[in-house]
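Scroll down for the structure; my scribbles are underneath it.
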């Protein structure tokens, strides 16, 4: 039987990982200083938060990569206003996960995401 759907949280999680990675690259290459760009950052952080505990390390790597790119492109004002709640949650999560993440690459990407957030807040 031919199936016409994706199971992004299960057997098709490689597609999910590549989608998140691509969205992170898209943000990195985009001008996010517009209202649309700011909404894209918020939406990516929201999506990433919903799946942050995915069991596959390659998906978590893509999540942390995308989150890092989102915070890299966010302005200090955006983080302190529109993204304040998400930033607090992500900061706490990234600090915790950096110590307990089993996958070394995912752990490094979590550190990078945390650094990106802190760097944007210093600008």
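Residue numbers (the numbering used here): 1 to 123.
Glycine is no exception: its CB is placed at the ideal position from the N, C-alpha and C atoms.
Query - Nonlocal neighbours in the same chain, by C-beta distance under 7 Å from residue 44, ignoring five residues either side - result: Within the chain shown, numbered from 1, the residue matching residue 44 stands at position 44. In its chain, beyond the 5 residues on either side, 23, 27, 66 and 70 have a beta carbon closer than 7 Å to the beta carbon of residue 44.
Report task. Determine, using beta carbons only, whether residue 111 comes closer than 8 Å to chain D. Result -> Going by chain labels, chain D is absent from the structure shown, which holds only one protein chain.
Query raised in the report: Quick one: Cα of residue 63 to Cα of residue 41, how far?
Result: Looking up residue 63 in the chain shown gives position 63. Looking up residue 41 in the chain shown gives position 41. About 13 Å.
Requested in this report: Could you have a look at residue 10 and say whether DSSP puts it in helix, strand or coil?
Outcome: In the chain shown, residue 10 corresponds to position 10, counting from 1. In the structure shown, residue 10 sits in coil (DSSP, three-state: anything other than H, G, I, E or B).
Query raised in the report: Alpha carbon to alpha carbon, how far is residue 86 from residue 54?
Result: Locating residue 86 in the chain shown gives position 86, where the first residue counts as 1. Locating residue 54 in the chain shown gives position 54, where the first residue counts as 1. One C-alpha to the other measures close to 18 Å.
Report task. Could you say which of 25, 5, 103 and 7 lies nearest to residue 72 if we only look at CA atoms? Result -> Taking the chain shown and counting its residues from 1, one reaches residue 72 at position 72. That would be 25, whose Cα lies nearest to the Cα of residue 72.
Query raised in the report: Taking DSSP as the reference, what is the three-state secondary structure of residue 33?
Result: Within the chain shown, numbered from 1, the residue matching residue 33 stands at position 33. In this structure, residue 33 counts as coil in the three-state DSSP scheme.
Report task. Could you spell out the range, first to last residue, of the alpha helix (DSSP H) harbouring residue 61? Result -> For the purposes of this step, residue 61 is taken as the residue at position 61 of the chain shown. It spans 57–73 - the alpha helix (DSSP H) in which residue 61 sits, taken as one unbroken run.
Query raised in the report: Would you report the Cα separation of residue 111 and residue 46, rounded to the nearest angstrom?
Result: Reading the chain shown from its first residue, position 111 is the one you call residue 111. Reading the chain shown from its first residue, position 46 is the one you call residue 46. Straight across, the Cα-Cα distance linking residue 111 with residue 46 is about 19 Å.
Report task. Could you tell me which of 58, 91, 36 and 109 sits nearest to residue 13, measuring between CA atoms? Result -> By 1-based counting over the chain shown, the position of residue 13 is 13. It is 58 whose Cα lies nearest to the Cα of residue 13.
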